[in-house]
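The structure appears below as structure tokens.
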Amino acid sequence: MRFRAFVISSMLLFVMTVLAVWVDFDREWKKYQSDFNKIEFDKTKSELENLKKSMDADADYKKLEASYKSSEDQVNSPEALVKQKDLDQKMAKLKFDVYKAERDAKFTKSTIGSLDYQISRNISNNDATASINDQKMILQAKLDEQNKAVDVVRASFDKAQKEAKDDIKQYTDLKSKFEDKNAKVELLNKKLDVIAKRPIDIQQIIIPELNNTVDRCMTCHMAANTDGFEDKKYPKVFQTHPNRELFLVKHNVKDFGCVVCHQGQGLSTKSKSAHGWVEFWEKPMFKGKQVEASCIKCHKTTDNIPADYFNKGKELVTASNCLACHKIEGQPAAVKNGPPLLQASSKLNATWMVNWVENPRHYLPRSKMPTFPLGKEEATAITAYVLSSSDPNYGIKKGVVPDPSLVGNGQRVFKAKGCNSCHAIKGVGANVGPDLGRVGSKANPTWMYNWIKNPQSYHPGTIMPNLGLTDEETLSVVSWLQTFKWDNMPQSQVDIHNVELATKGKAIMKNYNCASCHNVVGLEGAQNCPELTGEAEKDIHKFDFGYAHRDPLRGVYHTRESYIYNKIRSPGVYDDFVKGKMPRFWFTDEQTSQAYTYIMGMTGKYDDLPYKYIYKPKTVEESNEEIKKK
Amino acid sequence: MYSFKNFLDILTTPDNVPILLLIAMIVAYTWISFHKAFDNDKRLAQGRPVWEGEPHNQEKVHTWPHLLNIEFIVSIIAMAGLTLWSTFLNAPLEDPANNSVTPNPSKAPWYFLGLQEMLVYFDPWIAGVVLPGIIVVGLIAIPYIDTNPKGNGYYSWRDRRFAIGVFLFGWFLWMALIIEGTILRGPGWNFFMPGEYWDVHKQVALVNINFSELLNIDPKTFWLARELPAIIILGLYFTITPFLVAKFNKKFYEDLGLVRYGVTIMLLLLLVGLPVKMILRLTINLKYILVTPWFNI
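Protein chains in written order, with numbering that gives the first Met the number 0: chain P, 0 to 629; chain V, 0 to 296.
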């Protein structure tokens with residue numbers, strides 16, 4: 000019984016030990032390497048076969064091969080071989096003669112050397128040197144003679160060798176020609192041999208300058224730095240790095256490695272953890288083109304490098320006026336790109352404005368203004384403040400009343416003057432200015448009249464041109480546009496004379512930094528939101544994830560990447576705890592990814608990288624010289 | 000907020016595997032010993048010898064090979080288990096170390112979690128120094144205060160009800176503290192029900208007040224005057240209870256004698272005092288009973 004227990008437990012221990020060894024031995028990357036070796040072997044083999052086939056089809060090659068073979072046979076014929084043997088013996092004798100003569104000369108030369116030493120020693124000891132000098136002179140004469148003798152025997156050896164060579168010149172010429180033609184085949188054969196004998200080994204790059212980075216990516220991505228695997232038919236893991244010349248040769252992979260751009264866990268040899276998609280790894284690999292975020296680490300500007308995705312993100316950030324609230328070091332402060340609200344009360348319908356502030360997209364689906372996290376009450380307060388504080392007396396002409404009889408004319412003028420090349424009507428037309436399909440519920444006719452007459456008098460920065468319409472044309476257009484009403488506009492009551500409401504509205508506007516984009520009476524804009532310089536390096540504990548630390552339902556994970564991406568896409572996602580101020584820009588996934596790429600370039604890492612890694616633009620002289628050379 | 004997955008995540012954290020083994024082993028060993036003890040009790044009641052006293056169990060054998068080869072086999076099995084464990088459970092790594100961020104929750108190794116749990120209810124000096132010291136001293140003192148010859152060499156519940164009962168009370172208390180500290184204490188050392196999501200933002204209304212404040216005594220009063228009721232209550236707890244126990248259970252007192260009885264009852268009162276204080280904290284938010292300038296109880 001006890002013996003049986005012993006046997007079973009020992010076997011158990013043995014199995015466990017074997018299991019442990021096997022688990023340690025059976026690594027993912029080994030499979031990748033053997034797979035790749037097989038692929039590369041097959042590829043090389045087929046290349047070799049193709050080459051052989053094409054050479055077989057080549058008539059010249061066939062002819063050369065035949066003449067080479069026949070001359071080889073000639074050289075190897077019995078008579079020729081006997082002759083060759085005699086010649087070899089003769090040559091060996093001559094060679095030995097040369098050796099003997101050279102050996103004698105060497106002895107004499109070394110004796111002279113030792114005499115030289117004695118002479119210099121005697122000079123330093125103030126001893127006599129005359130007798131040794133005499134000896135040296137004699138030996139010198141002997142050496143000259145011996146050297147002459149060497150020359151003589153060497154000349155006869157050279158002559159004999161030349162004769163022997165000339166004898167088989169035809170054959171050697173043919174041979175070298177044939178070998179030249181066959182060099183590629185030989186090379187491929189050698190390559191096959193190398194691949195077959197290649198050991199399964201960890202491949203790594205160690206870069207002491209970059210904080211002793213160790214990147215083992217090429218343990219699996221074996222063809223990343225090899226031409227010939229660009230084709231999509233190869234598995235993705237074995238494909239050549241896109242634009243290898245630029246990314247792995249110009250940026251020498253031995254100096255840069257992989258992780259410095261792609262991020263991830265270079266030391267790991269397991270697929271999932273190497274790409275950094277494991278818990279607690281703070282820098283997961285960038286997906287696809289998002290890797291362009293890394294360019295900015297060394298290139299201070301991406302203007303003349305192919306980082307389109309990054310640049311698009313930058314454009315998006317500028318176009319969305321992110322800099323109105325967020326500071327980015329080195330980027331100019333934003334301009335106020337929204338229309339001024341200093342005279343808004345002469346323009347806007349209060350009910351319309353409440354709806355607009357609540358969500359601009361209700362009125363204008365392609366609005367440039369983002370949607371702020373505001374409720375109806377807050378929107379009402381803001382409307383009350385803006386309409387009560389602004390100047391209601393805009394414009395030279397007062398009291399414009401739309402004339403129903405001019406509606407038809409207005410439509411004609413609108414077309415004739417090309418208004419529709421910027422403004423759409425109910426979705427039909429260009430998208431430069433706002434869609435005017437419901438403008439009758441927004442702006443009052445007097446304002447509209449004065450605006451069309453001279454847009455810059457209301458908004459000096461507007462891109463709308465002054466088209467020089469006559470009074471009648473203007474009135475016609477106004478009359479026509481005023482017929483477009485917002486059906487089913489949600490109704491609301493705004494008491495703009497309620498001082499308390501207006502004061503509340505002012506506070507809300509200050510909180511949401513409205514004055515960063517609009518000119519507002521009594522408010523100043525400020526870049527008082529979190530600074531984005533160094534955002535991509537910000538400590539993860541400093542992000543307010545709300546309750547969404549690990550919330551797969553919201554698609555939010557506890558990583559810097561996830562935070563920034565989701566904050567750009569739908570800022571309200573973290574609002575469990577503190578109500579965020581950031582409005583929603585309704586970016587598409589693509590746009591979000593671009594903006595994210597730009598923000599992830601905000602590493603502030605310049606100082607950590609050694610100087611040699613920082614891109615230094617060429618001076619004018621240097622580039623001129625380069626052009627001259629070409 | 001509640002899900003079985005949350006519970007499973009916590010149970011299967013490589014840190015917490017020893018706790019799972021611990022729970023299984025507590026149950027198994029308690030069951031085995033009680034099974035044997037009840038069997039022997041039955042035998043004693045019927046007037047038969049205990050199982051260990053049966054003639055065929057009286058035979059004496061040599062340590063080698065009879066004991067050592069069992070131990071050898073057990074050690075082989077243990078090694079096989081450890082090999083399996085270390086092969087498939089990786090070390091539980093967390094975020095990269097950051098000297099400006101303290102991990103939340105900050106947990107001691109599992110065998111210290113009982114102590115850490117006690118720190119919730121007691122002054123660090125009491126929970127960290129005095130009580131562990133008394134536990135060690137009390138364990139050392141057991142052979143001197145428990146001179147009951149019954150139960151030597153055999154399992155029995157009937158003959159050693161007091162000793163086994165008190166030991167199991169202390170043992171289960173300690174294990175419960177460790178298990179609570181491991182499985183039920185999350186971020187901020189807050190209490191989380193099994194399966195509840197360990198939310199770092201969880202807020203719990205915990206305003207704890209001292210005993211003197213319960214009696215509406217101004218905290219600014221001189222401490223001796225302020226703590227007089229607490230001193231009286233603690234004094235009564237440690238003086239009157241022994242007398243009452245001795246009076247109502249004279250046999251217990253007489254069996255032990257004055258000194259042994261005194262030491263035993265003091266250790267017992269301290270042992271009972273621990274959960275009493277915990278219950279007072281959980282029910283009436285009592286912070287400390289006695290607050291002195293040097294230590295608090």
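Ideal Cβ positions, reconstructed from N, Cα and C, are used throughout, including at glycine. Just so we're clear, the structure is a prediction, and the values are computed from it rather than from any experiment.
- Query: What does a CB cutoff of less than 6 Å around K276/V pick up in its chain, not counting 5 residues either side in sequence?
  - Reply: For the purposes of this step, residue 276/V is identified with residue 277 of the second sequence, where counting begins at 1. Counting only Cβ-Cβ distances below 6 Å, and skipping sequence neighbours, we find Y120.
| With a cut-off of 8 Å, does the C-beta of E93/V fall near any C-beta of chain P? | Against the second sequence, residue 93/V aligns to sequence position 94. Look at E93/V: its C-beta is under 8 Å from a C-beta on chain P.
Inset, instruction - Taking only beta carbons into account, state which residues of the stretch 72-96 of chain V come closer than 7 Å to chain P, listed in chain order. - result: Residues of the stretch 72-96 of chain V whose Cβ lies closer than 7 Å to any Cβ of chain P, in chain order: I72, I75, I76, M78, A79, T82, L83, T86, L92, E93, D94 and P95.
- Mind checking whether L315/P and A79/V have CB atoms under 8 Å apart? Counted from its first residue, the first sequence places residue 315/P at position 316. Counted from its first residue, the second sequence places residue 79/V at position 80. No.
Original post:
Cβ of H540/P less than 8 Å from any chain V Cβ?
Top reply: Taking the first residue of the first sequence as position 1, residue 540/P is located at position 541. Interface residue, yes.
Practice item. Please classify T370/P: does DSSP put it in a helix, a strand, or coil? Key: Within the first sequence, the letter at position 371 stands for residue 370/P. In the structure shown, T370/P sits in a strand (DSSP, three-state: E or B).
| query | Who pairs with D214/P in a beta bridge, going by DSSP? | reply | If you number the first sequence from 1, residue 214/P lands on position 215. Per DSSP, I204/P.
Pick out whichever of L363/P, T473/P, W351/P and H422/P has its Cα sitting closest to the Cα of D402/P. Residue numbering aside, residue 402/P sits at position 403 when the first sequence is read from its first letter. Sorting L363/P, T473/P, W351/P and H422/P by C-alpha distance to the C-alpha of D402/P places T473/P at the top.
Minimum Cβ-Cβ distance from H200/V to chain P less than 8 Å: As a position in the second sequence, residue 200/V is number 201, starting the count at 1. Interface residue, yes.
### Task
Examine chain P for any beta-carbon lying closer than 8 Å to the beta-carbon of N189/V, and answer yes or no.
Numbered from 1 along the second sequence, position 190 holds the residue referred to as residue 189/V. False, the Cβ-Cβ gap to chain P never drops below 8 Å.
* To do: Determine the extent of the alpha helix (DSSP H) in which A44/V is found, giving its start and end residues.
  => Here residue 44/V refers to the residue found at position 45 when the second sequence is read from its first residue. Residues V16 to A44.
Figure out for me which residue from D470/P, K174/P, V385/P and Q203/P has the closest Cα to the Cα of K505/P.
Numbered from 1 along the first sequence, position 506 holds the residue referred to as residue 505/P. Looking at the Cα atoms, V385/P is the closest of the given residues.
For L214/V, count the other beta carbons within 10 Å of its own beta carbon; 16 or more makes it buried, fewer makes it exposed. Which is it? Taking the first residue of the second sequence as position 1, residue 214/V is located at position 215. With a threshold of 16 other beta carbon atoms within 10 Å, L214/V falls short and is exposed.
Say whether chain P places a C-beta atom closer than 8 Å to the C-beta of V203/V. As a first step, residue 203/V must be located in the second sequence, where it is residue number 204. For V203/V, no CB of chain P lies under 8 Å from its own CB, so it is not counted at the interface with that chain.
**Asked** Helix, strand or coil: which one does DSSP assign to L340/P?
**Response** What you label residue 340/P is simply residue 341 of the first sequence in a count that begins at 1. The answer is coil: DSSP assigns L340/P none of H, G, I, E or B.
**Report entry** Pairwise C-alpha distance: I76/V and K44/P
**Finding:** Taking the first sequence and counting its residues from 1, one reaches residue 44/P at position 45. Taking the second sequence and counting its residues from 1, one reaches residue 76/V at position 77. In a straight line, the C-alpha of K44/P is about 52 Å away from that of I76/V.
Practice task
Check E523/P in the structure and name its three-state DSSP category.
Solution key: Counting from 1 along the first sequence, the entry for residue 523/P is found at position 524. Annotated three-state conformation of E523/P is coil, per DSSP.
Quiz prompt | First through last residue of the alpha helix (DSSP H) which encompasses R411/P | solution = In the first sequence, counting from the first residue as 1, residue 411/P sits at position 412. It spans V406 to A415 - the alpha helix (DSSP H) in which R411/P sits, taken as one unbroken run.
| query | Excluding five sequence neighbours on each side, which residues of the same chain lie with their C-beta closer than 7 Å to the C-beta of I216/V? | reply | Within the second sequence, numbered from 1, the residue matching residue 216/V stands at position 217. Cβ within range, chain order: R225.
- What separation, rounded to the nearest whole angstrom, lies between the Cα atoms of D588/P and P369/P? If you number the first sequence from 1, residue 588/P lands on position 589. If you number the first sequence from 1, residue 369/P lands on position 370. The alpha-carbon atoms of D588/P and P369/P are separated by roughly 16 Å.
request  = Please list the residues of the stretch 6-23 of chain P that have a C-beta atom closer than 7 Å to any C-beta atom in chain V, keeping them in chain order.
outcome  = Those would be S8, S9, L11, L12, M15, T16, L18, A19 and V22, in chain order.
Are three or more beta carbon pairs between the stretch 267-276 of chain P and the stretch 239-255 of chain P nearer than 8 Å?
-> No, the stretch 267-276 of chain P does not touch the stretch 239-255 of chain P.
- [ ] Check each candidate in K541/P, T107/P and E534/P and name the one with the smallest Cα separation from I567/P.
- [x] If you number the first sequence from 1, residue 567/P lands on position 568. Nearest in C-alpha terms to I567/P, of all of K541/P, T107/P and E534/P, is E534/P.
- Query: Who are the near neighbours of S33/P in its chain, counting only those whose CB is closer than 7 Å to its CB and skipping five residues on each side?
  - Reply: Translated into the one-based positions of the first sequence, residue 33/P becomes position 34. Counting only residues of its own chain and dropping the five nearest sequence neighbours on each side, S33/P has a CB closer than 7 Å to the CB of I199.
- request: Kindly indicate which three-state DSSP category R365/P falls into: helix, strand or coil?
  value: Residue 365/P sits at position 366 when you count from the first residue of the first sequence. Correct three-state label for R365/P: coil.
- Task: Could you check the C-alpha separation between A182/P and L245/P for me, to the nearest Å?
- Result: Here residue 182/P refers to the residue found at position 183 when the first sequence is read from its first residue. Here residue 245/P refers to the residue found at position 246 when the first sequence is read from its first residue. Their Cα atoms are separated by approximately 30 Å.
I want to verify the contact list: residues of chain P whose CB lies under 7 Å from the CB of V100/V, in sequence order.
Against the second sequence, residue 100/V aligns to sequence position 101. Those within 7 Å of V100/V in chain P are H540.
**Request:** Could you say which of E144/P, A4/P and T461/P lies nearest to V334/P if we only look at CA atoms?
**Result:** As a first step, residue 334/P is located in the first sequence; it is residue number 335 there, counting from the start. Ranking the options by Cα distance to V334/P, first place goes to T461/P.
Given that E27/P touches chain V, what residues does it touch there, using C-beta distances under 9 Å?
Here residue 27/P is taken as the residue at index 28 of the first sequence, counted from 1. Simply none; closest approach about 15 Å.
Give the residues from the stretch 39-70 of chain V that approach chain P closer than 8 Å (Cβ to any Cβ), ordered along the chain. Residues passing the 8 Å Cβ filter: N68 and I69.
Helix, strand or coil: which one does DSSP assign to N151/V? If you number the second sequence from 1, residue 151/V lands on position 152. Annotated three-state conformation of N151/V is coil, per DSSP.
So the candidates are N449/P, M0/P, V149/P and P339/P; which of them puts its Cα closest to the Cα of N68/V? For the purposes of this step, residue 68/V is taken as the residue at position 69 of the second sequence. Nearest of N449/P, M0/P, V149/P and P339/P to N68/V, Cα basis: M0/P.
*Would you check if the distance between the CB atom of V476/P and the CB atom of V412/P is smaller than 8 Å?*
What you label residue 476/P is simply residue 477 of the first sequence in a count that begins at 1. What you label residue 412/P is simply residue 413 of the first sequence in a count that begins at 1. Inclusion of V476/P and V412/P in the CB contact set at 8 Å is warranted, their separation being smaller than that value.
In three-state DSSP terms, what is Y610/P?
Your numbering for residue 610/P matches position 611 in the first sequence. Residue state, collapsed to three classes: helix.
*asked:* My output table needs one value for N295/V: the three-state DSSP class, helix, strand or coil.
replied: Counting from one through the second sequence, the residue named residue 295/V turns up at place 296. For N295/V, the secondary structure class from DSSP, reduced to helix, strand or coil, is strand.
**Request:** Assign L86/P to one of three DSSP states: helix, strand, or coil.
**Result:** As a first step, residue 86/P is located in the first sequence; it is residue number 87 there, counting from the start. Reduced to three states, the DSSP call for L86/P is helix.
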